[in-house]
Amino acid sequence: HDIDQYVAVVSVAFERLLKQLGMPMHRFGDGKAVRLGRVLSTAVWIPVNDQYKLAVRDLNQEFPIAA
Numbered sequence: 007h008d009i010d011q012y013v014a015v016v017s018v019a020f021e022r023l024l025k026q027l028g029m030p031m032h033r034f035g036d037g038k039a040v041r042l043g044r045v046l047s048t049a050v051w052i053p054v055n056d057q058y059k060l061a062v063r064d065l066n067q068e069f070p071i072a073a
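Take the numbering used here: the final residue in the sequence shown is number 73, and no numbers are missing along the way.
In C-alpha cells form, the structure reads like this:
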C-alpha cells in the first residue's frame, strides 16, 4: 500500500488529541475550523512520513491490538 497521506474531516477536539500523540497534520485552506452541526470541525491532511510512523508505532506499543 503506497499511501503518501490521509485526508480527513475531524473535530477540533480529535485534531488536538492526535497532535498531542505526535501525529503530524496540516489544516486545509485558511486553517479555520467550521461548525458542522454542533461540532467544530476542520479538514486536515496527514502525511505518512517518519513522524507519522513513529506516532503510530508508539500507539501500537501502548495500546496493542488483541488478535
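All C-beta atoms, glycine included, are put in the ideal place defined by N, C-alpha and C.
Would you mind stating whether H32 and V50 have Cβ atoms separated by less than 8 Å? For the purposes of this step, residue 32 is identified with residue 26 of the sequence shown, where counting begins at 1. For the purposes of this step, residue 50 is identified with residue 44 of the sequence shown, where counting begins at 1. Taking 8 Å as the Cβ cut-off, H32 and V50 qualify as a contacting pair.
For the alpha helix (DSSP H) containing L4, name the first residue and the last one. Given a span of 7 to 73 for the chain in the structure shown, any question on residue 4 remains unanswerable.
DSSP state of L24, grouped into three classes? Looking up residue 24 in the sequence shown gives position 18. L24 falls in the helix class under three-state DSSP.
Determine which residues share a DSSP beta bridge with R33 and list them. For the purposes of this step, residue 33 is identified with residue 27 of the sequence shown, where counting begins at 1. As DSSP reads the structure, R33 sits in a beta bridge with V50.
Closest residue to V40 among L23, D56, V18 (Cα-Cα distance): What you label residue 40 is simply residue 34 of the sequence shown in a count that begins at 1. The residue with the shortest Cα to Cα distance from V40 is V18.
Which term fits I52, buried or exposed, when burial requires 16 or more other beta carbons within 10 angstroms of its beta carbon? As a first step, residue 52 must be located in the sequence shown, where it is residue number 46. Buried, because 16 or more other Cβ atoms sit within 10 Å of the Cβ of I52.
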